[in-house]
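There are 2 protein chains.
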Amino acid sequence: MTDHCFSATDIDAMEPRYRANLVNSVSGFKSASVVGTSQGRSYLENLAIVSSVVHVGAHPPLIGMVMRPHTVVRDTLHNIKTTGCYTLNQVHCDWTKQAHQTSARYPTEVSEFQATGLTPWYSKAFDAPFVNESPLKLAMKVESILPITANNTEFVIGRIHQVWINKEKISEQGQVDLSELGIACISGLDTYHKPERVARFAYAKP
Amino acid sequence: MTDHCFSATDIDAMEPRYRANLVNSVSGFKSASVVGTSQGRSYLENLAIVSSVVHVGAHPPLIGMVMRPHTVVRDTLHNIKTTGCYTLNQVHCDWTKQAHQTSARYPTEVSEFQATGLTPWYSKAFDAPFVNESPLKLAMKVESILPITANNTEFVIGRIHQVWINKEKISEQGQVDLSELGIACISGLDTYHKPERVARFAYAKP
Numbered sequence: 001m002t003d004h005c006f007s008a009t010d011i012d013a014m015e016p017r018y019r020a021n022l023v024n025s026v027s028g029f030k031s032a033s034v035v036g037t038s039q040g041r042s043y044l045e046n047l048a049i050v051s052s053v054v055h056v057g058a059h060p061p062l063i064g065m066v067m068r069p070h071t072v073v074r075d076t077l078h079n080i081k082t083t084g085c086y087t088l089n090q091v092h093c094d095w096t097k098q099a100h101q102t103s104a105r106y107p108t109e110v111s112e113f114q115a116t117g118l119t120p121w122y123s124k125a126f127d128a129p130f131v132n133e134s135p136l137k138l139a140m141k142v143e144s145i146l147p148i149t150a151n152n153t154e155f156v157i158g159r160i161h162q163v164w165i166n167k168e169k170i171s172e173q174g175q176v177d178l179s180e181l182g183i184a185c186i187s188g189l190d191t192y193h194k195p196e197r198v199a200r201f202a203y204a205k206p
Numbered sequence: 207m208t209d210h211c212f213s214a215t216d217i218d219a220m221e222p223r224y225r226a227n228l229v230n231s232v233s234g235f236k237s238a239s240v241v242g243t244s245q246g247r248s249y250l251e252n253l254a255i256v257s258s259v260v261h262v263g264a265h266p267p268l269i270g271m272v273m274r275p276h277t278v279v280r281d282t283l284h285n286i287k288t289t290g291c292y293t294l295n296q297v298h299c300d301w302t303k304q305a306h307q308t309s310a311r312y313p314t315e316v317s318e319f320q321a322t323g324l325t326p327w328y329s330k331a332f333d334a335p336f337v338n339e340s341p342l343k344l345a346m347k348v349e350s351i352l353p354i355t356a357n358n359t360e361f362v363i364g365r366i367h368q369v370w371i372n373k374e375k376i377s378e379q380g381q382v383d384l385s386e387l388g389i390a391c392i393s394g395l396d397t398y399h400k401p402e403r404v405a406r407f408a409y410a411k412p
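So the sequences go chain by chain: A and B. Okay, so the first sequence: first residue is 1 according to this note's numbering, each after it adds one. Okay, so the second sequence: first residue is 207 according to this note's numbering, each after it adds one.
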């Protein structure tokens, strides 16, 4: 075992940007999703990348994401709280640059859709904007928001209201082929990856 | 737009295994981590794969994971609650089969380390077992556990106490090259992928 050990004290003493990069890396690969919101159909449309999306449960179908109220996603979080709805759009490898650019701190009156060139799209029955370019889009309704007091963030839990996807990429057993859809994943704060499938295993038994 | 739309009603009406596969897929790629626990150094060592690991914050360094109290991770969750400590070990592409096998429902007296052939390893100052084969190991201490009442699961938030890693795989800015370390990611419940880096972007500005 020749690996180096960083202690809690080492981490605490790190230069803030170095620490942010390191700690954001060590939890492993992360989902790359952009969140679409607005105050309603004729209002400004916000778009923000998040890498903190996590599966919470299948029945009911729940997805969580950690959000920081005092950062760039503030407008997005405000929209989510006031309308109760948002979209989650998986990022395709071809437009990781545009997806990443949504993390810039634009003035409140600027839509990240316009700023990045991604296209808003609406389904009939849902008022938050989807990203038309996304190969896997979810309409979400807020189920609950849990405050994380340890660092003043919030865990937003949403219930899946719609899934938009090419049916041919779903197996008979319901597995979605994310690689075949060209979906990206993230490491750290800034690095995008294209996953290639290496194995699928049966339900494990002793 | 030729994609199919699954509504909330469609999802609710799905055959349970199909729904589990589909809903577990649509949140995107997931971290592949195995959690090591025990009741103490001379007790049975438990190991369980989790795909619900999520970055919560860098300062303090916090990582969350969603756990189901009534499933195979019950022993792991019990150990975490009684000892307050656990390890998170990133899964390498070479041993995804063994990592997946830890999800089998072994009898309480069986160690998943022994059952799968993965090797327990201890650092001097920490009582939970690491996976020796893992290229990126974290010692974690429980910070808080939030109940998710929507589906009777729990969001376990831990603070990073130690990071074990080959220093050569960390950039000058603190980014860890997870692909270079051979780390895998998961889609759905059963599919493992090897991510290849496609892009790194600068901190985004308007």
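Using N, Cα and C, we set each Cβ at its ideal position, and we do this for glycine too. Keep in mind the model is a prediction, meaning the values are calculated, not measured.
Bridge pairing for tryptophan 121 (chain A): A:Phe130 [DSSP]. For chain B, the residues of the region 151-172 of chain A that bring a beta carbon within less than 8 Å of one of its beta carbons are Asn151, Thr153, Phe155, Ile157, Arg159, Ile160, His161, Gln162, Val163, Trp164, Ile165, Asn166, Lys167, Ile170, Ser171, in chain order. Within the region 253-314 of chain B, the runs of beta strand (DSSP E) that reach at least 3 residues and sit entirely inside it are, in chain order, 259-264, 267-273, 291-296. Counting the other Cβ atoms within 10 Å of the Cβ of valine 229 (chain B) gives 16 or more, which makes it buried. Where isoleucine 217 (chain B) is concerned, the enclosing alpha helix (DSSP H) starts and stops at 214-219.
Two segments are said to touch when three or more pairs of C-beta atoms, one from each, lie closer than 8 Å; by this definition the region 92-103 of chain A does not touch the region 283-295 of chain B.
Tyrosine 18 (chain A): member of the alpha helix (DSSP H) spanning 16-26, first to last residue. Here glutamate 402 (chain B) carries a strand assignment [DSSP, helix/strand/coil]. Setting aside the 5 residues that flank it on each side, serine 179 (chain A) is surrounded in the same chain by Lys194, Pro195, Glu196, Arg197, each with a C-beta closer than 8 Å to its C-beta; the list follows chain order. Chain A has no Cβ within less than 8 Å of the Cβ of arginine 280 (chain B).
Cβ proximity to chain B below 7 Å picks out Cys93, Thr96, Lys97, His100, Gln101, Ser103, Ala104, Arg105, Tyr106 from the region 93-107 of chain A.
The continuous alpha helix (DSSP H) containing glutamine 320 (chain B) extends over residues 318-322.
A straight-line Cα-Cα distance of about 25 Å links aspartate 10 (chain A) and serine 51 (chain A). Cβ-Cβ distances below 7 Å link proline 60 (chain A) to Arg159 in the same chain, with the five nearest sequence neighbours on each side left out; the list follows chain order.
Within the DSSP bridge table, the entry for glutamine 368 (chain B) names A:Ser7, B:Ala345 as partners.
DSSP lists no beta-bridge partner residue for proline 206 (chain A). Within its own chain, the residues whose Cβ lies closer than 6 Å to the Cβ of aspartate 177 (chain A), once the five positions on either side in sequence are excluded, are Lys169, listed in chain order. For aspartate 333 (chain B), none of the residues of chain A pass the 9 Å Cβ criterion, the least Cβ distance being about 16 Å. Restricting attention to B:Glu339, B:Thr397, B:Ile351, the CA atom closest to the CA of alanine 150 (chain A) is found in B:Ile351. CA-to-CA, the gap between glutamate 143 (chain A) and isoleucine 186 (chain A) works out to about 26 Å. In this structure, B:Met271 is the residue among B:Tyr328, B:Met271, B:Lys236, B:Phe235 with its C-alpha nearest to the C-alpha of proline 353 (chain B).
Distance from threonine 322 (chain B) to threonine 308 (chain B) at the Cβ level is roughly 6 Å; contact confirmed, criterion being Cβ atoms closer than 8 Å. For proline 69 (chain A), the closest alpha carbon among the candidates B:Thr282, B:His276, B:Arg280, B:Gly263 is that of B:Gly263.
Taking the Cβ atoms as the reference, serine 244 (chain B) lies roughly 14 Å from asparagine 295 (chain B), outside the contact range of under 8 Å.
In the DSSP assignment, valine 34 (chain A) falls within the unbroken beta strand (DSSP E) covering 33-38.
DSSP places serine 42 (chain A) in no beta strand (DSSP E); its state is neither H nor E. Rounded to whole angstroms, the separation of the alpha carbons of valine 73 (chain A) and alanine 390 (chain B) is 29 Å. Proximity of chain A to tyrosine 398 (chain B) at the Cβ level (cut-off 7 Å) is accounted for by Val198, Ala199, in chain order.
DSSP places serine 393 (chain B) in the uninterrupted beta strand (DSSP E) bounded by 391-393. For a cut-off of 8 Å, the C-beta gap from alanine 8 (chain A) to histidine 367 (chain B) is around 5 Å, short enough to register as a contact. Secondary structure of glutamate 154 (chain A) (DSSP, three-state): strand. Cβ atoms of aspartate 209 (chain B) and tryptophan 164 (chain A) come within 8 Å of each other, at about 5 Å. By the C-beta density criterion, arginine 17 (chain A) is exposed, having fewer than 16 other C-beta atoms within 10 angstroms. When beta bridges are read from the DSSP output, threonine 397 (chain B) appears opposite A:Arg200, B:Ser393. If you ignore the 5 residues before and after threonine 359 (chain B), its C-beta comes within less than 6 Å of the C-beta of Val272, Arg274, all in its own chain and listed in chain order.
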